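Take a look at the structure below.
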């Protein structure tokens, strides 16, 4: 929340859709890293993930209305999503990624902190 203009009387609240962008890159030691694929997840309208690796296909993304859930309603979701190469413009399956998403309250997050005592990512 902030004032839209200096002379505004009330604060303005800007709401953005909860979008999670995932990019997959390989980690080459001696040459440049290569882009493998991307996945964009609208957390209000998530495609239901495949339960296993073999069930993860591009056809999962075709049924856009009845095959979606909201992470804010179900609180936890785990499964496999297909990734595509957004740079080539083709809808070609370039990989599959297993993701587990969970929504926590502030109290739950304080009770179970993540990432403490771990090394920074490379």
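Numbering (the UniProt record's numbering), first residue to last: 1 to 122. Yeah, the Cβ is synthetic: ideal placement off N, Cα and C, and Gly gets one too. This one's a predicted model, so the numbers in the text were calculated from it and none came from an experiment.
Simplified DSSP state of residue i, which is helix, strand or coil
i           : result
residue 100 : strand
residue 72  : helix
residue 38  : strand
residue 27  : coil
residue 50  : strand
Close beta carbons around residue i, own chain, < 7 Å, minus the five adjacent residues each side
i           : result
residue 94  : 36, 37, 83, 84 and 85
residue 17  : 42 and 44
residue 100 : 78
residue 73  : none
Within 8 Å, strictly: CB atoms of residue i and residue j
i          : j           : result
residue 50 : residue 80  : yes
residue 76 : residue 102 : yes
residue 97 : residue 22  : yes
Close-in-space but distant-in-sequence residues of the same chain around residue i (CB under 6 Å, 5 per side omitted)
i          : result
residue 41 : 20
Straight-line Cα distance separating residue j from residue i
i          : j           : result
residue 68 : residue 59  : 14 Å
residue 46 : residue 34  : 27 Å
residue 14 : residue 112 : 30 Å
residue 61 : residue 43  : 15 Å
residue 53 : residue 90  : 22 Å
residue 56 : residue 10  : 48 Å
residue 87 : residue 30  : 23 Å
residue 32 : residue 12  : 43 Å
Same chain, Cβ closer than 8 Å to residue i, neighbours up to 5 away in sequence not counted
i           : result
residue 28  : 34
residue 104 : 112
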